[in-house]
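Trainee: The end of the sequence shown is residue 207 by numbering that gives the first Met the number 0, with every number in the run present.
Glycine residues also receive a C-beta, built at the ideal position from the N, C-alpha and C atoms.
Just so we're clear, the structure is a prediction, and the values are computed from it rather than from any experiment.
First the structure, which I've put down as structure tokens, then a few questions once you've had a look.
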Amino acid sequence: MHRNRFIYNLLVCIICLILNVLIALFARVCQSPFFFDTIFTVAATIMAGLIPGLIVAVLFNPLMTFVLCGFFGKEIACFDFLYALCGMAIVFITWLFSRDKSSFYASRTITVIYLVIIAISSALASSFIASVLDAFLRPLFEKTLGFSPIDGFFSSFENLNLGAFLSFFLPRVPVTFIDRLICTFAGYLICRGVDLISTKKLIAAKEM
Numbered sequence: 000m001h002r003n004r005f006i007y008n009l010l011v012c013i014i015c016l017i018l019n020v021l022i023a024l025f026a027r028v029c030q031s032p033f034f035f036d037t038i039f040t041v042a043a044t045i046m047a048g049l050i051p052g053l054i055v056a057v058l059f060n061p062l063m064t065f066v067l068c069g070f071f072g073k074e075i076a077c078f079d080f081l082y083a084l085c086g087m088a089i090v091f092i093t094w095l096f097s098r099d100k101s102s103f104y105a106s107r108t109i110t111v112i113y114l115v116i117i118a119i120s121s122a123l124a125s126s127f128i129a130s131v132l133d134a135f136l137r138p139l140f141e142k143t144l145g146f147s148p149i150d151g152f153f154s155s156f157e158n159l160n161l162g163a164f165l166s167f168f169l170p171r172v173p174v175t176f177i178d179r180l181i182c183t184f185a186g187y188l189i190c191r192g193v194d195l196i197s198t199k200k201l202i203a204a205k206e207m
């Protein structure tokens, strides 16, 4: 039983990590203002729990950095690995509200309310962490603005003399909130789709 659970969690981590990279790369190529890079992080957390979700979150940013640098021919910057902290915060918040499945799935209305709370909370948390990284740690690494779709808004807000942190945080929140809504609900729908397919297979196996 434990072995089967380990294999299941391992497959969830591998598949979700690969799909996260593919969809994030597609969004980057399409020059989307949204990240779409945590859809399967959310799915992994709801399906398999906190640890698999954290594994996907921790590994995604280093892997995505290598892929983007290889794709665009840019130098690898270890600073970009630190954005994994945003993914870890998203995972923890998602797990916090979805870990009690009897409550999370109590009704469609309750599930939607939970998902909206997750989206709002994770948007604020990830925006705060990313803005702290950009405002205070990025200069220490002498890292210029890079892959983030938020970076283009920074200079406009900086001209308002709001300070580095608010110049990153204020434009990041609305964009990140929309991204979190999309990723949270998409991750949830993927979980429901997997559950539906699994249930159908189980019923078919019993009927044989």
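1) Go ahead and pull the three-state DSSP assignment for PRO61.
2) When the Cα of LEU84 is compared with those of CYS182, GLY52, LEU165, LEU188, which residue comes out closest?
3) Measure the Cβ-Cβ separation of LEU16 and VAL55 and say whether it is below 9 Å.
4) If we count Cβ pairs, one from each stretch, closer than 8 Å, do we get three or more for the segment 169–184 versus the segment 118–132?
5) Confirm, please, whether the CB-CB distance from ALA163 to ALA134 is below 9 Å.
6) Work out the CA separation of LEU58 and TYR187 for me, nearest whole Å.
7) Specify whether the segment 36–43 and the segment 9–23 touch according to this definition: at least 3 beta carbon pairs, one from each stretch, less than 8 Å apart.
8) Under three-state DSSP, which class holds ILE50?
9) Could you spell out where the alpha helix (DSSP H) holding LEU139 opens and where it closes?
10) Going by the CB atoms, is the gap between SER125 and GLY86 shorter than 9 Å?
11) Does DSSP put SER97 in a helix, a strand or coil?
12) Using only the alpha-carbon positions, how far apart do ALA26 and ALA185 sit?
13) Determine the direct distance from the alpha carbon of LEU195 to that of ILE189, and round the result to whole angstroms.
14) Have a look at GLN30 and CYS68 and give me their C-alpha separation to the nearest angstrom.
15) Would you report the Cα separation of ASN19 and ALA203, rounded to the nearest angstrom?
16) Mind checking if LEU136 is an interface residue toward chain B, Cβ cutoff 9 Å exclusive?
17) Along the alpha helix (DSSP H) that carries TYR82, what are the first and last residues, could you check?
18) So, for PHE140: in the same chain, excluding its five sequence neighbours on each side, which residues have a beta-carbon less than 6 Å away from its beta-carbon?
19) Measure how close the beta-carbons of PHE168 and SER106 come, nearest whole angstrom, since I'm counting them as under 8 Å.
20) Taking 9 Å as the threshold (C-beta atoms), are SER102 and ILE109 in contact?
21) By alpha-carbon positions, which one of ALA47, LEU9, ALA76 ends up nearest to PRO61?
22) Measuring CA to CA, which of ASP36, MET46, LEU165 is closest to VAL11?
Mentor: Taking the coordinates as given:
1) Correct three-state label for PRO61: helix.
2) GLY52
3) yes
4) yes
5) yes
6) 21 Å
7) yes
8) DSSP places ILE50 in the helix class (H, G or I) of the three-state scheme.
9) 137–140
10) yes
11) Here SER97 carries a helix assignment [DSSP, helix/strand/coil].
12) 15 Å
13) 10 Å
14) Cα to Cα, the separation comes out at about 16 Å.
15) About 31 Å.
16) Reference to chain B is not applicable here, since this structure consists of a single protein chain.
17) Note, TYR82: premise wrong, no alpha helix (DSSP H); not H, not E.
18) PHE78
19) Their Cβ separation, rounded to whole angstroms, is 35 Å, which puts PHE168 and SER106 out of contact at 8 Å.
20) yes
21) Per the Cα distances, ALA76.
22) Nearest option by C-alpha distance: MET46.
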